[in-house]
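Below: one structure, written as structure tokens.
Numbering (the working numbering), first residue to last: 36 to 295.
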């Protein structure tokens, strides 16, 4: 008989009861509560400290809020010539279109320029500095807000005549070049207003406006202005005719006497 068979050497099975509990309040991740005092002391003691490398510098060099003075670059004569050419395009064109460029190849830009050339429009590109030099102090200065400083070249389309319909069709064929706004007859317009005004027939619209003013407002205004003058003229004519023919006045008086 083995010793293991005795009850004293048999293991006792004990069941362990595990019960999960959750905290009454939720843990705030953004603003956690302060650690225990002893733990905070240990964390403070173990926090590394590094000397400020700017300690030996003077205060004027350590202060980071002092704006840096940027020296103005001298204007080169070639930039002046290009700026004069850019301003001449703006003044001589009745339609100017502004574009935003996404990533595209040089071949796509060349095909876009060829399509504009066939429609009597010209594609030009200028840098930000050239545009500021050309448009500052002119009626086109508001267009500088549409320029992107991060872009190397800003694209424009100049047309001697407003041809917005063909321009929109060409832009649809080149989705990487997006039409933003435009200038028509010297006025800077939003994209929707630019397309709407470009599709209008201004000659027929002006003729219709003149016709409406003449028929409705013009005739009534002319009648109101000349009412007193025409009334005065008719009264004077009546007085003049009665003085020239006194026989009519006497016969008229006799007839009134017979009636009485």
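Using N, Cα and C, we set each Cβ at its ideal position, and we do this for glycine too.
Asked                                                                                                          : Found
Buried or exposed by the 16-neighbour rule on C-beta atoms within 10 Å, applied to residue 217                 : buried
With 16 other Cβ atoms within 10 Å as the buried cut-off, status of residue 123                                : exposed
Run of the beta strand (DSSP E) containing residue 212, from where it starts to where it stops                 : 212-219
Paired residues, beta bridge with residue 190 - DSSP                                                           : 160
Beta strand (DSSP E) segments (min. 3 residues) lying fully within the segment 138-183                         : 157-161
Residue 133, DSSP secondary structure in three states                                                          : strand
Rounded distance between the beta-carbons of residue 194 and residue 130, thought under 8 Å                    : 4 Å
Endpoints, alpha helix (DSSP H) assigned at residue 108                                                        : Residue 108 -> no alpha helix (DSSP H), and no H or E assigned at all.
Buried versus exposed call for residue 210 [16 or more other C-beta atoms within 10 Å across all chains shown] : exposed
Cβ pair residue 125, residue 215 closer than 8 Å                                                               : no
Helix, strand or coil at residue 126 according to DSSP, with G and I counted as helix                          : helix
CB contact flag (residue 186, residue 233, <8 Å)                                                               : no
contact_flag[the segment 222-232, the segment 145-153] where n(CB pairs < 8 Å) is 3 or more                    : no
Residue burial classification, residue 121 (beta-carbon count within 10 angstroms, cutoff 16)                  : buried
Beta-bridge partners of residue 224, as assigned by DSSP                                                       : 217
First and last residue of the uninterrupted alpha helix (DSSP H) at residue 69                                 : Counting along the chain, residue 69 falls outside any alpha helix (DSSP H), and DSSP gives it neither H nor E.
Cβ-based neighbour list, residue 243, same chain, cut-off 8 Å, excluding 5 preceding and 5 following           : none
Alpha carbon of residue 188 to alpha carbon of residue 138, nearest angstrom                                   : 13 Å
Where residue 128 falls, given that 16 or more other Cβ within 10 Å makes a residue buried                     : buried
Endpoints, alpha helix (DSSP H) assigned at residue 185                                                        : Residue 185 -> no alpha helix (DSSP H), and no H or E assigned at all.
CB of residue 182 within 8 Å of CB of residue 166, strictly                                                    : yes
Residue 50 (DSSP reduced to helix, strand or coil)                                                             : coil
For residue 190 and residue 184, the rounded distance between their alpha carbons                              : 13 Å
Host alpha helix (DSSP H) of residue 204 (start-end)                                                           : 199-208
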